[in-house]
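S.K.:
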Amino acid sequence: AKPNALPRDLEGVRVVVSAGGTREPLDPVRFLGNRSSGKQGYALARVAAQRGAEVTLVAAHTAALPDPAGAHVVSVSTAAELQVAMEDAAAEADVVVMAAAVADFRPAERAECKIKKQGDGSAPTVTLTRNPDILAGLAQRRRPGQILVGFAAETGDEHGSVLDHGRIKLKRKGVDLLVLNAVGEGRAFEVDENTGWLLSPSGLEQRIPLGAKSELAATVWDAVAELVRAQGR
Ligand code: CTP
Ligand code: CA
178 AKPNALPRDL
188 EGVRVVVSAG
198 GTREPLDPVR
208 FLGNRSSGKQ
218 GYALARVAAQ
228 RGAEVTLVAA
238 HTAALPDPAG
248 AHVVSVSTAA
258 ELQVAMEDAA
268 AEADVVVMAA
278 AVADFRPAER
288 AECKIKKQGD
298 GSAPTVTLTR
308 NPDILAGLAQ
318 RRRPGQILVG
328 FAAETGDEHG
338 SVLDHGRIKL
348 KRKGVDLLVL
358 NAVGEGRAFE
368 VDENTGWLLS
378 PSGLEQRIPL
388 GAKSELAATV
398 WDAVAELVRA
408 QGR
């Protein structure tokens, strides 16, 4: 879409977008984190608001980014906090977009005090435990007609191509749309441009050309708006 020519096709649609990356504390000063900047989620929230949606943005460690105009921003840190905030917001939403990078694992224990080096020169062992799959949980408690959008960042490997992994994840997650990004070689993380495919259970495999994250956002909302229209809303 051209600037100043955005459709108002999300007027009155209530959307929730998660953005950024969770941090899982080891002790009061250390955490396990990831390299998500939040830029893609913020672009999604900004473009949705520009197209008339009522936007809640659940943001995990995105301090460098200005709040998107018109969005209600909820800040969280851990995957557990993100889950609570998303389930809360999703209960009143027509569309839920999980763009955040959620830590798959967290330290099984969070030390009360800063972990000190041991005098004998040994290193501590960190035991990890699984975090809940927030998107799967949202799919389980989905409201009638609620549209769910997931993201996946994949690399090709000996088990299959980026697209092969995306098709499997689309099924496993039970979402209406999956935004599939090819990662590695400096792509997707901490940059302003993004490329990939938009997949749907009906067999849509739309190539998303390399472009600004706001353009990818526009492509996602085009597809969402079509699903909303198909529901006769
Ligand atoms: N996601 C989530 N909760 C998690 C992990 C991921 O809600 N604990 C969401 C992400 O926000 C994203 C989608 O699920 O929208 C896919 O994330 P991804 O990390 O690609 O999927 P995983 O199920 O964690 O699979 P993998 O083992 O490939 O990391
Ligand atoms: Ca993961």
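Residue numbers for the sequence shown follow full-length UniProt numbering, so the first one is 178 and each next one is one higher. Note that the Cβ used here is the ideal one computed from N, Cα and C, for glycine as well. Small disclaimer: the values here were computed from a predicted structure and weren't measured.
I need the DSSP call for ALA278, collapsed to helix, strand or coil.
M.R.: Correct three-state label for ALA278: strand.
S.K.: For LEU376, write down the residues that DSSP places opposite it in a beta bridge.
M.R.: Answer is LEU355, GLU382, bridged to LEU376.
S.K.: If you check the beta carbons only, do ALA222 and ALA196 fall under 8 Å apart?
M.R.: Yes. Within cutoff.
S.K.: Using a 10 Å radius around the Cβ and a threshold of 16 neighbouring Cβ atoms, would you call residue 173 buried or exposed?
M.R.: This structure does not reach residue 173, given that the chain is present from 178 up to 410, and the question cannot be answered.
S.K.: Is GLN323 closer than 8 Å to ALA276 when the C-beta atoms are compared?
M.R.: No.
S.K.: My understanding is that GLU335 touches HIS342, with C-beta atoms under 8 Å, so please give their C-beta distance in whole angstroms.
M.R.: Not confirmed; about 12 Å, so no contact.
S.K.: Find out if the Cβ-Cβ distance for the pair VAL232, VAL273 is shorter than 8 Å.
M.R.: Their beta carbons are not under 8 Å apart, which means VAL232 does not touch VAL273 by this criterion.
S.K.: My understanding is that THR199 touches ALA316, with C-beta atoms under 8 Å, so please give their C-beta distance in whole angstroms.
M.R.: Not really, about 19 Å apart at Cβ, beyond 8 Å.
S.K.: How many angstroms separate the CA atom of PRO309 from the CA atom of GLU264?
M.R.: Spanning the two alpha carbons is a distance of roughly 13 Å.
S.K.: Any idea if ILE311 is buried or exposed, counting beta-carbon neighbours within 10 angstroms, 16 or more meaning buried?
M.R.: Buried, by the Cβ-count rule.
S.K.: Thinking ALA359 and LEU375 are a contact (beta carbons under 8 Å), I'd like their distance in whole angstroms, please.
M.R.: The pair is not a contact, with the Cβ atoms about 13 Å apart (cut-off 8 Å).
S.K.: In this structure, how does DSSP classify VAL339 when only helix, strand and coil are distinguished?
M.R.: Note: VAL339 maps to helix in three-state DSSP.
S.K.: Report the CB separation of ARG228 from ASP271 in whole angstroms; it is logged as a contact under 8 Å.
M.R.: Not confirmed; about 13 Å, so no contact.
S.K.: Using a Cβ-Cβ cutoff of less than 7 Å, which residues in the same chain neighbour THR306 once the five nearest sequence positions on both sides are dropped?
M.R.: The answer, listed in chain order, is PHE282, ARG283, ALA285.
S.K.: Do LEU357 and VAL326 have their C-beta atoms closer together than 8 Å?
M.R.: The answer is no: Cβ separation not under 8 Å.
S.K.: Please report the straight-line C-alpha distance between CYS290 and ASP204, rounded to a whole angstrom.
M.R.: Straight-line Cα distance between these residues: approximately 6 Å.
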